[in-house]
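A short worksheet on the structure shown next.
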Amino acid sequence: MKLNGKVALVLLGLTSTLAIGYAQLRSYQTTSSSSNATVQEQTFRDIYNAIKSEYLTPVEEKKLWEGAISGLIGSLEDQFTYYTPPEDNVYDQQELEGQFFGIGATLTPSNPDGSGATISELMQGMPAQQAGLQIGDRVLKVNGEDVTKLTLTKVVQKIRGEENTSVKLEIERAGATLNFDIARKKITDYAVYTEILPGNVGYVQVRTFYNKQIFSQVDQALKTMSDKKVDKLILDLRDNGGGLLCGGIYVADAFLNKGNIVSLKDRTGKESIPGSAFDSTCYGVAKAAKTDYTGKMVVLVNRNSASASEIVAGALQDNDRARVIGEKTFGKGVAQDVINNLPDGGKLALVANEWLTPDGRSIHKVGITPDITVEDSRFPKVVTLEGTGAAPGEKIKMTIGGKEVELTADKEGKFTYTQVGERRQPPAGSRVDLTGDTILKKGLEVLNQQ
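Following full-length UniProt numbering, the numbering of the sequence shown begins with 1 at its first residue and continues without gaps.
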């Protein structure tokens, strides 16, 4: 969306320049056309060479090429086709491998716009917990750099590092500022979490499919359920934005002994089953296995369940294996081909297929409708207050919920205040809230009625 905005601004600026005329200091000689280049390719080269050699303020070649790549991808107007530059691809690969050197803390954004970082979870026995960090701590600085306005991804990148190194954190806690020097340690990121709920109900949360450890971790989760003789199970896919196609197929297959899981449709309209019958980890048709869970189950989803999560939910729903409970899902029904060996070390994710549920449903931009719709009560309530009639730039002081806030009126005399409540957290030592989590409660209710 930003790319489109930049293109529009450039075109508007050019139009205005032409309308008022321009001062031509000298002409620029274009290169002769190559017999192997199209008119468009040659035009691009001429423009590139002109900018590189004649533009008033010299521009780094890297910046020009990244701008060209952004424009090329932006012309597709597809949010799921994207280029990841080399520096970000390093972090991306760490996420995929599920292992990195860090402090063992899960972070969530501190601000409504997704910036900043607040500790939401601590891994037992890992450096962050051992150093004395606490859930709710807000990260102010990393190695002396203010990170309160950086994106969450950028903050995480700065906290992670190389083996045998440490990171300095400045933390805000209950109005006080605290400083920590924490040694980094090899961290294994767990994509799957299990818990046994009252009544011997199994709970399996899959946090992400973008983790190569997903296969072994799902196997271990099902072994735990088997060892505990669980015959009622909750599969929680809420807030799981997807990841590996094969990861989604593998998880769905773990709960099915037959039936299609997913099919792909390419640009020609041809449909096919992904994978091969000889590869049990990534074949779009379920096969019975001794390790499959065959007991009663429900699937929990919400507005943030996307992509591979929707593949799992759709497969279990269409095969009448489980009832889906919660909110309508995100609606990412396309699959990308990933080119991860670009010469500069970057990565291209290119939408190449639409995927369909076993019943042939396309869920792209539509989502999966649950069998039982329940609003996710864990999300914070957002309160927005708007006012008008003030002088432009005027400071308005208000008391909201016992807290004094200062607002600034815009050039039209309008002012807005948005307050995001805290997300409901489960009791200490658990990932589940049996009393306040409405979707989870409904899942338990449905299981107990089966």
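Beta carbons are placed, not taken as given, at the ideal position from N, Cα and C, and that holds for glycine.
Nothing here was measured: the structure is a model prediction, and the numbers come from that model.
Can you give the Cα-Cα distance for N448 and V156, rounded to whole angstroms? One alpha carbon belongs to N448, the other to V156, and they sit about 41 angstroms apart.
P274 to L245 span [Cα, whole Å]: Spanning the two alpha carbons is a distance of roughly 9 angstroms.
Are V285 and I325 touching if we call contact CB-CB under 7 angstroms? No.
Which of helix, strand or coil does DSSP assign to V147? In the displayed model, V147 falls within coil according to three-state DSSP, outside both helix and strand.
Report the residue ranges of all alpha helix (DSSP H) runs contained in full by the region 265 to 341; include only those spanning at least 4 residues, in chain order. You should have 308 to 318.
Just to confirm, is the Cβ distance from F215 to G243 under 7 angstroms? One thing to note: F215 has its Cβ no nearer than 7 angstroms to the Cβ of G243.
Label N260 either buried or exposed according to how many other C-beta atoms from any shown protein chain fall within 10 Å of its C-beta, with 16 as the threshold for buried. That one is buried.
In angstroms, rounded to a whole number, what distance separates the CA positions of N200 and V432? Taking the straight line from one Cα to the other gives about 15 angstroms.
Taking the C-alpha atoms as reference points, what is the distance between D92 and G136? Their Cα atoms are separated by approximately 26 angstroms.
Quick check for students: name the residue ranges of the alpha helix (DSSP H) that lie wholly in the region 146 to 193, counting only runs of 4 or more. With a minimum length of 4 residues, the continuous alpha helix (DSSP H) runs that stay inside the region 146 to 193 are 152 to 159.
Measuring straight from C-alpha to C-alpha, what distance separates T435 and V167? Taking the straight line joining both Cα atoms gives about 38 angstroms.
V374 versus G443 - alpha carbon distance: In a straight line, the C-alpha of V374 is about 10 angstroms away from that of G443.
Starting from Q99, trace the beta strand (DSSP E) in both directions and tell me its first and last residue. For Q99, the enclosing beta strand (DSSP E) begins and ends at Q99 to G102.
What are the boundary residues of the beta strand (DSSP E) that L235 is part of? Under the DSSP assignment, L235 falls in the beta strand (DSSP E) whose first and last residues are K232 to D236.
Member of V142, G333 and L122 whose CA lies at the smallest distance from the CA of Q134: Answer by Cα proximity: L122.
DSSP three-state call for Y22: helix, strand or coil? Legend: pLDDT at Y22 = 40, less than 50; position of this residue unreliable, value from coordinates given subsequently. Y22 falls in the coil class under three-state DSSP.
In whole angstroms, what separates the C-alpha of D266 from that of R323? Their backbone Cα atoms lie some 30 angstroms apart in a straight line.
Exposed unless 16 or more other CB atoms sit within 10 angstroms - verdict on T84: Buried, by the Cβ-count rule.
Start and end residues, alpha helix (DSSP H) containing V142: Per DSSP, V142 belongs to no alpha helix (DSSP H); it is in the beta strand (DSSP E), R138 to V142.
Assigned secondary structure, Y28 (DSSP; H/G/I helix, E/B strand, else coil): The predicted position of Y28 is uncertain, since its pLDDT is 45 and thus under 50; no value can be drawn from it.
DSSP puts L440 in a beta bridge; with which residues? BP columns for L440 are empty, so no partner.
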